[in-house]
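Asker: Quick one: structure below, then a few questions.
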Amino acid sequence: IKPEIKALMETMFLNGNIDKRKKMSAQEMYDNLTERASQEEIEENDIPKVQTIQNWIANYTRTFKASASLRALEEAESSKNT
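With positions in the sequence shown counted from 1, the corresponding number in this note's numbering is that position plus 9.
Listed below in structure tokens is the structure:
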């Protein structure tokens, strides 16, 4: 997945974390990217398949949860030491 596409998908994912009403499925992300391609913001050839987006969501969710847990643990440790 090209970096600019990945950045768009990350934004869509994070917006869904902040506001559950904006949470998008892999198909909805694909449709959003397709719309951007029709407006010539991105290249249509760069859009991953829905299954690829689904796999990316699963991997990103796992990574996001792990990094959020690590940050929370570090904050808890630092507040304990002050």
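Note that the Cβ used here is the ideal one computed from N, Cα and C, for glycine as well. Note that the structure is predicted; figures quoted are calculated from it, not measured.
Can you give me the start and stop residues for the alpha helix (DSSP H) that Ile14 sits inside?
Answerer: Counting along the chain, the alpha helix (DSSP H) containing Ile14 begins and ends at Pro12 to Ile27.
Asker: Would you mind reading off the limits of the alpha helix (DSSP H) that contains Ser78?
Answerer: Run containing Ser78: Val59 to Lys89, per the alpha helix (DSSP H) assignment.
Asker: Hey, could you find the ends of the alpha helix (DSSP H) Arg45 is sitting in?
Answerer: Ala35 to Ser47 is the extent of the alpha helix (DSSP H) around Arg45.
Asker: Taking 8 Å as the threshold, find out whether the region 60-67 comes into contact with the region 32-47 through three or more Cβ pairs.
Answerer: Because the criterion of three Cβ pairs below 8 Å is met, the region 60-67 and the region 32-47 touch.
Asker: Would you decide whether Ile27 is buried or exposed? Buried here means 16 or more other CB atoms lie within 10 Å of its CB.
Answerer: It counts as exposed.
Asker: Please list, in chain order, all residues of the same chain as Ile56 whose beta carbon is under 8 Å from its beta carbon, the five residues on each side excluded.
Answerer: Around Ile56: Ile14, Tyr39, Leu42, Thr43 and Ala46.
Asker: Beta carbon of Ile51, beta carbon of Met18: below 8 Å?
Answerer: Cβ distance not < 8 Å, so Ile51 and Met18 don't count as in contact.
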